[in-house]
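Trainee: Heads up: the sequence lines are chains L and U, in that order.
For the first sequence, position 204 (counting from the first letter as 1) is numbered 204 according to the working numbering, and the numbering increases by one without interruption.
For the second sequence, position 131 (counting from the first letter as 1) is numbered 1131 according to the working numbering, and the numbering increases by one without interruption.
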Amino acid sequence: MSSSILKLTIANVAKDLRLEWRSRDVYNSMVFFAVLVVVIFSFSFEPTSEESRHIAGGLFWVAFLFSTVVALNQSWARELRNGVLDAYRISPAPPEALFFGKVLGNFIFVTALECLMVPLFVVFYNLSSAGSLWQLLLILVLGTWALVITGTFFAVMSIRTRNRELMLPLLLIPLSIPAVVNMVKATSNVLTADFSAVPHIKFLAVYCVVFTTACFLLFETVLNAE
Amino acid sequence: MRQTHQARKDTDVTLSTHAPPVQVQNVSKIFGRTAALRNVSLELERGRFYVLRGENGAGKSTLMRIIAGLSHPTDGQVKIFGVNNREALARLGYMAHAPLVYDELSGMENLRFFARLYGITSDAPLEDAMRRVGLDPGLTRRVGQYSQGMRQRLSLARAIFHSPPLVLLDEPFSNVDPESASQIAQLLANMRSAGTTILLITHQLGLLANIADEFLFLSAGKLVSRSPAPPVHA
Chain L
1 MSSSILKLTI ANVAKDLRLE WRSRDVYNSM VFFAVLVVVI FSFSFEPTSE ESRHIAGGLF
61 WVAFLFSTVV ALNQSWAREL RNGVLDAYRI SPAPPEALFF GKVLGNFIFV TALECLMVPL
121 FVVFYNLSSA GSLWQLLLIL VLGTWALVIT GTFFAVMSIR TRNRELMLPL LLIPLSIPAV
181 VNMVKATSNV LTADFSAVPH IKFLAVYCVV FTTACFLLFE TVLNAE
Chain U
1001 MRQTHQARKD TDVTLSTHAP PVQVQNVSKI FGRTAALRNV SLELERGRFY VLRGENGAGK
1061 STLMRIIAGL SHPTDGQVKI FGVNNREALA RLGYMAHAPL VYDELSGMEN LRFFARLYGI
1121 TSDAPLEDAM RRVGLDPGLT RRVGQYSQGM RQRLSLARAI FHSPPLVLLD EPFSNVDPES
1181 ASQIAQLLAN MRSAGTTILL ITHQLGLLAN IADEFLFLSA GKLVSRSPAP PVHA
């Protein structure tokens, strides 16, 4: 990554964090949605500690998948307000800087949400991990990146469509299924320590590399499409 | 090899230096079954002030978006200073209907962000642009709290802070009070005198009576006239 792309990526992230700090558009809607999922499922199932270990991975990633969709719609919507995206498109700045700025910004928002939600999951589902914590941490990072990189890319594809809030999940969720399945299995395997999580972690790493490369290469075409 | 490369570089520079600011060649734009532009050809000269006129839906904004590189022509091509318009973005300033700024940031914060996209890190040209459009650079209020007229001025400042030699303005006087509109017109006149080529869409011809060099008239997607004075059928 050239130094100009890096500097502009940082400028984009700083701008997104400042906008979010002032508007709370993304974070409020994400937190509200994720808390609702955690609370409703905990009252619906009332699982024992052992059952929790088996289902928590699924609940956790489903909550984050849908919260991420909410966040991504909001984060691109602010670029459409007042037509700001056009100001970026007519500038000589490389489009990749906008893309990576958005990805990093969204990654920070979703990670901040996870920092808030993980303790809630532990409390509501009486969770404790039988496996290693560093593996859980790695799954969190890779899983979040997988959701955010594909989500940010498909969000920019759907922003100019009439039903963009419907279009994003329609595009994103089918493509995320392989990643989500591996996130859930890896998380459950670490929590229960029944099986190794390593093959699923490897899959997630490959998924992240492939989609980061593909999205990076295709972003400019998608940004300038009509 | 080195000499050949240098010679090619010099030729490129010469070409782009002497090339017209805008060359539109046989451009058509079709939206579904509607032809917004039909075989439009147009060449603008340096340092001149052009006003693009036409009834609603004539294709004025579409043509301007195509020149700016925001929309692709269905047919034909556009060159800016002799090169593809995507390669000449740094030499172009564009003001649209929408203000193209963030509501949550102040005027200067907006300009600082956009300036970074052009590789400008100093505040001096940004403060100068703010003053030229009649805004106080020290204003800390967020743009969301600006009046429509102030947004228009900020939008103009965003379009000109990098001193582009070609400026495209889509209805810069809308929502602006008459006094401010006169100030903006005077600013544009000064820019034209300094050698900037300006292409502007407006219905308020009175403001530009002594400033504009040429009037271009679009009708139903076709360029029907070019005249030094407002067309008779206006």
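Positions of the beta carbon are idealized from the N, C-alpha and C atoms, including for glycine.
I need the DSSP call for U/Val1133, collapsed to helix, strand or coil.
Mentor: coil
Trainee: Which parts of the stretch 1082-1167 of chain U are runs of the beta strand (DSSP E), unbroken and 3 residues or longer, counting only runs that do not cross its ends?
Mentor: Counting only runs of 3 or more residues that sit fully inside the stretch 1082-1167 of chain U, the beta strand (DSSP E) segments are 1092-1095, in chain order.
Trainee: With a threshold of 7 Å between beta-carbons, can U/Arg1091 be considered close to chain L, or not?
Mentor: no
Trainee: Can you pull the DSSP bridge partners for U/Lys1029?
Mentor: U/Leu1037
Trainee: What does the alpha-carbon distance come out to for the pair L/Gly105 and U/Leu1089?
Mentor: 26 Å
Trainee: Report the residues of the stretch 6-19 of chain L with a CB closer than 9 Å to any CB of chain U, ordered along the chain.
Mentor: Lys7, Leu8, Ala11, Asn12, Ala14, Lys15, Arg18 and Leu19
Trainee: Could you spell out where the beta strand (DSSP E) holding L/Glu114 opens and where it closes?
Mentor: Careful: L/Glu114 lies outside any beta strand (DSSP E), inside the alpha helix (DSSP H) at Pro95 to Phe124.
Trainee: Buried or exposed: U/Pro1178, going by 16 or more other Cβ atoms within 10 Å of its Cβ?
Mentor: exposed
Trainee: Please confirm if L/Ser91 has its CB atom under 7 Å from at least one CB of chain U.
Mentor: yes
Trainee: Using a threshold of 7 Å, state whether the C-beta atoms of U/Leu1037 and U/Pro1021 are closer than that.
Mentor: Cβ distance not < 7 Å, so U/Leu1037 and U/Pro1021 don't count as in contact.
Trainee: With DSSP run on the structure shown, which of helix, strand or coil describes U/Gly1076?
Mentor: strand
Trainee: Going along chain U, which residues have a C-beta under 9 Å from L/Arg81?
Mentor: Ala1098, Tyr1102 and Asp1103
Trainee: Any C-beta of chain L sitting closer than 7 Å to the C-beta of U/Ala1036?
Mentor: no
Trainee: Straight-line CA distance for U/Ala1115 to U/His1097?
Mentor: 21 Å
Trainee: Can you confirm whether L/Ala225, when its beta carbon is compared against all beta carbons of chain U, has any partner nearer than 7 Å?
Mentor: So, not an interface residue.
Trainee: So, is the C-beta of L/Arg22 closer than 7 Å to a C-beta in chain U?
Mentor: yes
Trainee: For L/Arg53, which option in L/Ala97, L/Thr213, L/Ser188 and L/Phe41 has the closest C-alpha, if you only look at C-alpha atoms?
Mentor: Residue L/Ser188 is the option with its Cα nearest to L/Arg53.
Trainee: Using 10 angstroms around the beta-carbon of U/Gly1138, count the other beta-carbons present and answer buried if the total reaches 16, otherwise exposed.
Mentor: exposed
Trainee: Using a beta-carbon distance below 7 Å, is L/Asp25 in contact with chain U?
Mentor: no
Trainee: Just checking my contact of U/Leu1169 with U/Ile1211 at CB under 8 Å: how many whole Å lie between their CB atoms?
Mentor: Incorrect: roughly 12 Å between the Cβ atoms, too far for contact.
Trainee: According to DSSP, is U/Ile1066 helix, strand or coil?
Mentor: helix
Trainee: Of all the alpha helix (DSSP H) runs that stay within the bounds of the stretch 1182-1227 of chain U, which reach a length of 4 or more residues?
Mentor: none
Trainee: Among U/Gly1047, U/Gly1069, U/Gly1149 and U/His1162, which one has its Cα closest to the Cα of U/Glu1171?
Mentor: The candidate whose alpha carbon is nearest that of U/Glu1171 is U/Gly1149.
Trainee: Along chain U, which residues have their Cβ under 7 Å away from the Cβ of L/Val84?
Mentor: Leu1100, Val1101 and Tyr1102
Trainee: I need the boundaries of the alpha helix (DSSP H) containing U/Val1176, first residue and last residue.
Mentor: U/Val1176 -> no alpha helix (DSSP H), and no H or E assigned at all.
Trainee: Could you tell me which residues DSSP pairs with U/Glu1043 in its beta bridges?
Mentor: U/Gln1023
Trainee: Alpha helix (DSSP H) containing L/Phe154: first to last residue?
Mentor: Leu133 to Ser158
Trainee: Taking the beta strand (DSSP E) that U/Phe1049 belongs to, which residues open and close that run?
Mentor: Phe1049 to Gly1054
Trainee: Answer with yes or no whether the minimum CB distance from U/Ala1185 to chain L is below 7 Å.
Mentor: no
Trainee: Starting from L/Ala87, trace the alpha helix (DSSP H) in both directions and tell me its first and last residue.
Mentor: Val84 to Arg89
Trainee: For U/Asp1012, would you say it is in contact with chain L, using Cβ-to-Cβ distances shorter than 7 Å as the test?
Mentor: With a pLDDT of 45 at U/Asp1012, under the threshold of 50, the modelled position of this residue cannot be trusted, and the question is left open.
Trainee: Tell me whether L/Glu46 is buried or exposed, calling it buried when 16 or more other Cβ atoms sit within 10 Å of its Cβ.
Mentor: Exposed, by the Cβ-count rule.
Trainee: Tell me the rounded alpha-carbon separation between U/Asp1010 and U/Ala1068.
Mentor: Below a pLDDT of 50, predicted positions are generally treated as unreliable, and U/Asp1010, at 41, falls in that range; the measurement from the model is reported next regardless. Each residue's Cα considered, the two are about 26 Å apart.
Trainee: Checking contacts by CB at 7 Å: is U/Tyr1146 closer than that to chain L?
Mentor: no
Trainee: Residues bridged to U/Leu1169 by DSSP?
Mentor: U/Met1095 and U/Leu1200
Trainee: So that I know if they touch, is there some Cβ in chain L lying closer than 7 Å to that of U/Phe1161?
Mentor: With 7 Å as the cut-off, U/Phe1161 does not count as an interface residue toward chain L.
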